[in-house]
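Data first, discussion second: the structure below is written as structure tokens.
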Amino acid sequence: MRILLTGAAGFIGTATWRELVTDGHDVVAVDLVIPEAHGAATREDPPPAVHVLDVREAGAWGDLFAGVDVVVHLAAMVGAGASAADLPLYAGHNDLGTAAVLAAMHAEGVTRFVQASSMVVYGEGRYSCPEHGVRAPGPRTVEALDGGDFDVPCPVCGGPLEWALVDEDAPLDPRSSYAVSKVAQEGYATAWARQAPGAAVSLRYHNVYGPGMPRDTPYSGVAAMFRSSLERAEAPTVYEDGRQMRDFVHVDDVARANLAAARAVGGLEPGEHRAYNVCSGRPIAISDVARHVASGSEHGLAPRVTGQYRLGDVRHVVASPERAAAELGFTAQVTPEEGLAAFATAPLRA
Numbered sequence: 025m026r027i028l029l030t031g032a033a034g035f036i037g038t039a040t041w042r043e044l045v046t047d048g049h050d051v052v053a054v055d056l057v058i059p060e061a062h063g064a065a066t067r068e069d070p071p072p073a074v075h076v077l078d079v080r081e082a083g084a085w086g087d088l089f090a091g092v093d094v095v096v097h098l099a100a101m102v103g104a105g106a107s108a109a110d111l112p113l114y115a116g117h118n119d120l121g122t123a124a125v126l127a128a129m130h131a132e133g134v135t136r137f138v139q140a141s142s143m144v145v146y147g148e149g150r151y152s153c154p155e156h157g158v159r160a161p162g163p164r165t166v167e168a169l170d171g172g173d174f175d176v177p178c179p180v181c182g183g184p185l186e187w188a189l190v191d192e193d194a195p196l197d198p199r200s201s202y203a204v205s206k207v208a209q210e211g212y213a214t215a216w217a218r219q220a221p222g223a224a225v226s227l228r229y230h231n232v233y234g235p236g237m238p239r240d241t242p243y244s245g246v247a248a249m250f251r252s253s254l255e256r257a258e259a260p261t262v263y264e265d266g267r268q269m270r271d272f273v274h275v276d277d278v279a280r281a282n283l284a285a286a287r288a289v290g291g292l293e294p295g296e297h298r299a300y301n302v303c304s305g306r307p308i309a310i311s312d313v314a315r316h317v318a319s320g321s322e323h324g325l326a327p328r329v330t331g332q333y334r335l336g337d338v339r340h341v342v343a344s345p346e347r348a349a350a351e352l353g354f355t356a357q358v359t360p361e362e363g364l365a366a367f368a369t370a371p372l373r374a
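Dropping the structure here:
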């Protein structure tokens with residue numbers, strides 16, 4: 025199978041490229057190498073064998089699509105964003121970039137598409153009230169967050185809500201500029217699948233970590249930020265009270281999920297779009313993430329819980345791995361306890 029892989033120079037792309045080639049596939053690798061995603065790497069210093077091209081100009085790629093069976097589209101601006109000034113970057117690289125790739129695929133007759141989405145499309149995860157059952161909370165207020173009240177209340181009685189696993193049929197409710205762009209990417213994939221027609225898979229990654237993450241950037245993810253602090257002999261900084269729940273999935277498992285999706289998309293009917301959670305299936309509190317990373321460091325500094333917050337963050341979002349296991353045959357192999365401790369000494373991108 026010939027696969028065109030965008031975002032190939034990122035840490036997820038590098039692991040995916042290796043997985044695809046090991047499985048015997050012919051890979052055409054493309055990446056723009058933007059500073060936000062690649063740290064100090066530049067367009068003048070691309071990884072070997074990567075075509076340094078802008079996904080927003082995919083219509084000009086021409087022969088790169090020749091013989092391609094599947095496009096695996098990982099190229100995106102990631103992270104919660106440093107400020108609202110990042111909105112055009114997300115809209116450009118994620119929204120426009122995805123639309124341009126899909127339009128170019130249609131022009132070149134490529135009909136299979138796998139896209140990197142994110143758990144951020146859900147907004148807050150799934151919650152239930154002991155008295156009123158499953159409830160969808162609204163965004164947390166600035167007043168509550170300023171007062172140190174981080175939990176989400178039941179919209180009916182105001183009592184505490186308990187988190188639960190969210191599945192792929194949950195309503196999408198993006199709470200940040202990045203999240204809005206990921207919902208848009210899925211929307212373009214769905215529309216393209218109907219109009220082309222083609223078949224598309226969106227993989228909703230949870231918190232990905234592992235070797236090759238860029239250091240010292242708010243766009244790389246919380247695990248890399250914890251690791252960067254430890255390299256400076258500083259305690260990892262944890263927002264809120266540290267009890268917010270997430271799912272952390274190792275990059276090697278994500279690469280395996282990408283391979284599984286590239287295989288599976290060929291079996292979908294024209295016009296079909298499927299979404300899958302890509303997660304470890306082992307929920308973990310953010311403070312425990314910091315503790316596990318610190319446990320593998322020579323400094324061993326305890327996390328510093330600040331009570332500070334980021335308005336675009338959600339309280340809890342933890343997903344069900346069942347659909348990916350049933351339909352893709354994907355189950356994560358690396359546990360957060362093992363992977364996060366090893367991550368403390370794994371190489372990072374400069």
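Count the sequence shown with the numbering used here and you get residues 25 to 374, in order. By construction, the Cβ of each residue, glycine as well, lies at the ideal position given by its N, Cα and C atoms. Bear in mind that the values here come from a model prediction, so they are computed numbers and not experimental data.
Worksheet item: Which residues does DSSP pair with HIS75 in a beta bridge?
Response: In the sequence shown, counting from the first residue as 1, residue 75 sits at position 51. The partner list for HIS75 (beta bridge, DSSP) reads VAL54.
Worksheet item: Between which two residues does the beta strand (DSSP E) containing GLU186 stretch?
Response: Counting from 1 along the sequence shown, the entry for residue 186 is found at position 162. Residues 186-188.
Worksheet item: So what's ARG67 in DSSP terms, helix, strand or just coil?
Response: If you number the sequence shown from 1, residue 67 lands on position 43. In this prediction, ARG67 scores a pLDDT of 45, lower than 50, which makes its location untrustworthy; the coordinate-derived value is nonetheless stated afterwards. In the three-state DSSP reduction, ARG67 falls in the coil class, being neither helix nor strand.
Worksheet item: How is the beta strand (DSSP E) around ARG228 delimited, first residue to last?
Response: To locate residue 228, count along the sequence shown from 1; it is residue 204. 223-229 is the extent of the beta strand (DSSP E) around ARG228.
Discussion item. What residue range does the beta strand (DSSP E) around ASN282 cover?
Written reply: Position 258 of the sequence shown, counting from 1, holds the residue named residue 282. Counting along the chain, no beta strand (DSSP E) covers ASN282; the unbroken alpha helix (DSSP H) around it starts and ends at 275-288.
Item to complete: Note down the Cα distance separating GLU132 from ILE27, rounded to an integer number of angstroms.
Response: Start at 1 with the first residue of the sequence shown, and residue 132 comes out as number 108. Start at 1 with the first residue of the sequence shown, and residue 27 comes out as number 3. Rounded to whole angstroms, the separation of the alpha carbons of ILE27 and GLU132 is 14 Å.
Discussion item. Helix, strand or coil for MET269? Go by DSSP, reduced to three states.
Written reply: Start at 1 with the first residue of the sequence shown, and residue 269 comes out as number 245. Residue state, collapsed to three classes: strand.
Discussion item. Does the structure place the stretch 300-308 close enough to the stretch 343-350 that three or more beta carbon pairs sit under 8 Å?
Written reply: Under the three-pair Cβ rule at 8 Å, the stretch 343-350 counts as touching the stretch 300-308.
Item to complete: Buried or exposed for HIS156, please, with buried defined as at least 16 other CB atoms from any protein chain shown within 10 angstroms of its CB.
Response: Residue numbering aside, residue 156 sits at position 132 when the sequence shown is read from its first letter. Exposed is the call here.
Worksheet item: Per DSSP, HIS130 is paired with what?
Response: Position 106 of the sequence shown holds residue 130. DSSP, once it has assigned bridges, lists no residue as partnering HIS130.
Fill in: Span of the alpha helix (DSSP H), counted from its first residue to its last, around SER253
Translated into the one-based positions of the sequence shown, residue 253 becomes position 229. In the DSSP assignment, SER253 falls within the alpha helix (DSSP H) that extends over 246-255.
Practice prompt. Pull up the distance between the alpha-carbon of ALA41 and that of VAL95, whole angstroms please.
Written response: If you number the sequence shown from 1, residue 41 lands on position 17. If you number the sequence shown from 1, residue 95 lands on position 71. Inspection of the sequence shows that residue 41 is occupied by Trp rather than by Ala. Answer to the nearest angstrom: the Cα atoms are 12 Å apart.
Worksheet item: So who's on the other strand from ASN301, going by DSSP bridges?
Response: On the sequence shown, position 277 is the one that residue 301 refers to. Note: ASN301 sits in a beta bridge opposite ARG228.
Item to complete: Give the DSSP bridge partners of ALA309, in chain order.
Response: Counting from one through the sequence shown, the residue named residue 309 turns up at place 285. DSSP lists MET269 as partners of ALA309.
Worksheet entry | Cα-Cα separation, GLY211 to TYR202 | Position 187 of the sequence shown, counting from 1, holds the residue named residue 211. Position 178 of the sequence shown, counting from 1, holds the residue named residue 202. If I take the Cα positions, the gap works out to 14 Å.
Worksheet item: How should GLN268 be labelled, buried or exposed, when 16 other C-beta atoms within 10 angstroms of its C-beta is the threshold for buried?
Response: The residue given as residue 268 occupies position 244 in the sequence shown. GLN268 should be labelled buried.
Worksheet entry | Best match in PRO161, ARG239 and ALA194 for proximity to CYS178 [C-alpha to C-alpha] | Translated into the one-based positions of the sequence shown, residue 178 becomes position 154. The residue among PRO161, ARG239 and ALA194 with its C-alpha nearest the C-alpha of CYS178 is PRO161.
Worksheet item: Which residue from SER319, VAL232 and ASP197 puts its Cα closest to that of GLU255?
Response: Taking the sequence shown and counting its residues from 1, one reaches residue 255 at position 231. For the residues SER319, VAL232 and ASP197, the minimum Cα distance to GLU255 belongs to SER319.
Discussion item. Rounded to the nearest angstrom, what separates VAL313 and VAL102 at their Cα positions?
Written reply: Reading the sequence shown from its first residue, position 289 is the one you call residue 313. Reading the sequence shown from its first residue, position 78 is the one you call residue 102. Approximately 20 Å, taken between the alpha carbons.
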